[in-house]
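Novice:
Residue numbers (the numbering used here), protein chains in the order written: chain S, 596 to 955; chain W, 398 to 726; chain H, 7 to 367.
#1: Quick check on residue 892(S) - is its C-beta less than 7 Å from some C-beta in chain W?
#2: Can you tell me which of the three DSSP states residue 519(W) falls into?
#3: What is the DSSP secondary structure of residue 920(S), counted as helix, strand or coil?
#4: Which first and last residues belong to the beta strand (DSSP E) in which residue 676(S) is found?
#5: Among 900(S), 707(S) and 771(S), which has the Cα closest to the Cα of residue 686(S)?
#6: From the DSSP output, which residues share a beta bridge with residue 890(S)?
#7: Nearest to residue 111(H) by CA position, among 246(H), 323(H) and 169(H), is which residue?
#8: Taking only beta carbons into account, state which residues of the region 622 to 633 of chain S come closer than 9 Å to chain H, listed in chain order.
#9: Restricting to Cα atoms, I'd like to know which of 726(W), 422(W), 413(W) and 414(W) is closest to residue 567(W).
#10: So residue 67(H) contacts chain W; which residues on that side make the cut at Cβ distance below 7 Å?
#11: Buried or exposed, going by whether 16 or more other CB atoms sit within 10 Å of the CB of residue 776(S)?
#12: Run through DSSP, which three-state label would residue 454(W) get?
#13: As a quick exercise: from 58(H), 135(H) and 329(H), pick the residue whose alpha carbon is nearest that of residue 4(H).
#14: Quick one: Cα of residue 190(H) to Cα of residue 16(H), how far?
#15: Quick one, are the C-beta atoms of residue 412(W) and residue 553(W) less than 7 Å apart?
#16: Could you say if the region 617 to 632 of chain W and the region 891 to 899 of chain S meet the contact criterion of at least three C-beta pairs nearer than 8 Å?
#17: Going straight from the alpha carbon of residue 537(W) to that of residue 612(S), what length do you get?
#18: Are any of the Cβ atoms in chain H nearer than 7 Å to that of residue 645(W)?
#19: Kindly list the residues whose CB is nearer than 6 Å to the CB of residue 9(H), restricted to its own chain and excluding five residues on each side of it in sequence; keep chain order.
#20: Look up residue 341(W) in the DSSP assignment and say whether it is helix, strand or coil.
#21: Determine, using beta carbons only, whether residue 608(W) comes closer than 7 Å to chain S.
#22: Contact between the region 787 to 807 of chain S and the region 918 to 927 of chain S is defined here as three or more beta-carbon pairs at a separation below 8 Å; is this criterion met?
#23: Just tell me which of 641(W), 430(W), 454(W) and 451(W) has its CA closest to the CA of residue 443(W).
#24: What is the DSSP secondary structure of residue 644(S), reduced to helix, strand or coil?
#25: On the criterion of 16 or more Cβ atoms from any shown chain inside 10 Å, does residue 29(H) qualify as buried, or is it exposed?
#26: Is the distance from the Cβ of residue 464(W) to the Cβ of residue 410(W) below 7 Å?
#27: Contact criterion: CB-CB distance below 7 Å. Does residue 596(W) meet it with respect to chain H?
#28: Which runs of the beta strand (DSSP E) at least 3 residues long sit entirely within the region 703 to 779 of chain S? Give them in chain order.
#29: Hey, is residue 258(H)'s beta-carbon within less than 7 Å of any beta-carbon in chain S?
#30: Nearest by alpha-carbon distance to residue 107(H): which of 130(H), 46(H), 347(H) and 172(H) is it?
#31: Express the C-alpha separation of residue 320(H) and residue 948(S) in angstroms, rounding to a whole number.
#32: Let me check one thing: in DSSP terms, what residues is residue 125(H) bridge-paired to?
#33: Do residue 58(H) and residue 44(H) count as a contact pair if the criterion is CB distance below 7 Å?
#34: Could you tell me whether the region 509 to 527 of chain W touches the region 602 to 611 of chain W, where touching means 3 or more Cβ pairs closer than 8 Å?
#35: Would you call the CB atoms of residue 622(S) and residue 672(S) closer than 7 Å?
#36: Measuring CB atoms only, is the region 532 to 547 of chain W touching the region 686 to 696 of chain W, in the sense that at least three cross pairs come out at less than 8 Å?
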């Protein structure tokens, strides 16, 4: 059995998140993040493969003779746009890849294609808007991406339809709070890398760095089938909508999660009702070990759990998330203390995972 | 059988909280001598008659244990609970409804003032538990409640909550009770989370790998004033589904079901449901595909706390299934 | 026996379009295909819900396995209610209600046993009797009926709920190059599969090939899920139709008829499958426009990609105008070229191709 290499010291968590956040991996083209992940886990994995969809499956053999398998998943992909057409004036028509609100694209810089060309999504000058256009959200098909090419021919030398683009946001550590693009779910990827490198469990532990979560939980479905685990953990970044009440409201009843209140355990979202016994196991460990945690408000949204739970004969799954403000925008914020709490809770709860997780 | 149905429809079982229904079923199945299993998602199943003969045709019968309900998403300072629908609950139908939590706590649903011209949304609704403030509330965020109504019988008609799909559970139980022998391996599966989007059925079908799958569930009817037209009515027999918005029933299986109904002299109806689907959809796509169909119990006011079925249709469904399973397919 | 490599694809396609085969009720088109495919393959088989497989075995083992999937089901309608001799109906597969009034249909009536085709027409209100309100809206399906021209009693004795309704528009050649027919979505691709099998006759293959005519694509990809699971291939290609250039939709979503089948790129497709298809096209002088799909491909590839532990998928599409209407139009040359592309692709598959699928770029 291999030992973690001593020659390559593990990167500090914020530095790892920085590296992952600044990589570009719009759903379906996760290459850049996959390279970082493979590099990060290769020395600690007893088995390492990339599956047919591009998901990285890294396994550490368990210490027990029971050959049970547990899966933990974090998705490598991020939301972004795809170039669908080059127009005669060299501007690029784009479509969303994943749940992206066109309103946050207006007036933003993007990194375009693998070569990360600078581009910008323009907006009609406010002076020229007609009637109530200023008040109406812009539609995707009205957006154009400008890479400074003056003609179709000039643009076609730089990009082609099918190329992807995402927000050009450099990562910043604001002192305990991290700001960056794609923190959903690069923070989860960083957590899973750390968890994988630092833990050996009784069971065989497979870390699945999945593809295409943002376009329908695609990679997780295939990975869960392949691994056929007794239980699964999804590491995510979930919206924190913990803003002050709006005028006319006395209380924000739709906060979802709150920054700085610890790791968030999911109870129900639009794709999964989480098995109560397994959620309670995580909560009990958090209380015992005094790890800050909160429940994510039951509500909309979903994550790889939805893709995992129904595979084969059914797989009990828990989602543990780091709250993140403004996800699916150019810059999300997460609190480092929540990231550390999630790592600590994941490790502790998995170490003491009940023998039959579904019936715990 | 009314007493049996009463036990099942009054049980607490919103999606994801099927434990009470599962316990009732386990006890009843045990009395019938069945050996039950629970899969990782919580689906309960037993196989009749168990045996090693691999050449037998495997038939899957499925009814879902869960019912629609609500889940608490926030409790405010004064103790009012905001909630989410579990399954196809309609906001305007909630006002004044009573809900019951797993620990027995009862609440009523109130609505904020809103323009009469706009439809009520869940954001306008809250559960009032009669608590003075948050500290007096004995339920938590994430707890679920079912609608609370007793069963009433009116002639052949039953009115109750959660006939969708406890009546299917009872049909399966009775079918098993009356089925003396079968040349097949028949799995009776009681699924979870159908109302959330058929989340239990596929996993259960994957495990059993059936040659045929039949869901037993309720369907709506066209026999009420100004109903959206539909050729299914209460009291005219169980409905053999041809199509719903999620599935086209296997034509050969439909022929077998019709032949069984004719053979058992059971009056039946043919069903085309334009909005809605059942576990049969998920069964159909399991593994290498499963020819699937559905026996429906006609039901008025589906997804309200006062669903209505006719006992003659229930009885017909049981006789049809007993006939079908008793002979070679 | 001399290998029969030439099939009149145009005639075959017309025959396919004449065969009924609504989603979930594919038996007529399946029997036709059995007959046509039997001499072209080593074995006929299928999944459990009616998809038909034509299997060609590789010359040597071990060999890779590729699944070529085209759905054989088509859209249509079925009877939901009979009133005063008129038939109310529901759609199967997603029909544009705007094209229904005045459409010629055939009802497969089964009440008297067997299946009797009855001619009918879908009701429409003449402008003279429309209210101002009716003039402004599209008549929704629940307000339309099929009129068989029979008395209420005659209708009731022949038709029952669930009877299938198909468009009665016969296939017509438009000019010398185009074919118009209902159900070209996706019989055009089935014809391409047949053409591919015909071209593979007499060639030794390095990979097993399963040509699958799948069921129920229009109703949620049921046949693709089941065929992909049962076949467990190393790679799969879906063959379907895409939007032909016509007035209305944005230009980037449409492709000119006669300029070749498209090859798709996007998260639903494996980049190496797309690249390899384009290479084969280039080396065989087949014109293949790129089709980019930011999300869901809306084809059998969507189901196949996540079957089991994941299957690398490609997508070849034939441009088609007026999709989901009784007057779908394709260029016969695109069908021929799609058949050619698939056959050349299969012949180019070698032992190294599996390794290539491990490259995700």
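Using N, Cα and C, we set each Cβ at its ideal position, and we do this for glycine too.
Every value quoted in this text rests on a predicted model; they were computed, and no experiment measured them.
Specialist: With the structure as the only source:
#1: yes
#2: helix
#3: strand
#4: 675 to 681
#5: 707(S)
#6: 860(S)
#7: 169(H)
#8: 622, 623, 624, 625, 626 and 629
#9: 422(W)
#10: Within 7 Å Cβ-Cβ: nothing; residue 67(H) doesn't reach chain W, min ~23 Å.
#11: buried
#12: coil
#13: This structure leaves residue 4(H) out entirely; chain H is present only between 7 and 367.
#14: 12 Å
#15: no
#16: no
#17: 34 Å
#18: yes
#19: Annotation note: pLDDT 43 at residue 9(H) (below 50); position unreliable, no value reported.
#20: Outside the shown range of chain W, which is 398 to 726, sits residue 341(W), and nothing can be said about it.
#21: no
#22: no
#23: 430(W)
#24: strand
#25: buried
#26: yes
#27: no
#28: 703 to 707, 712 to 716, 739 to 741, 759 to 762 and 772 to 775
#29: yes
#30: 130(H)
#31: 41 Å
#32: 112(H)
#33: no
#34: no
#35: yes
#36: no
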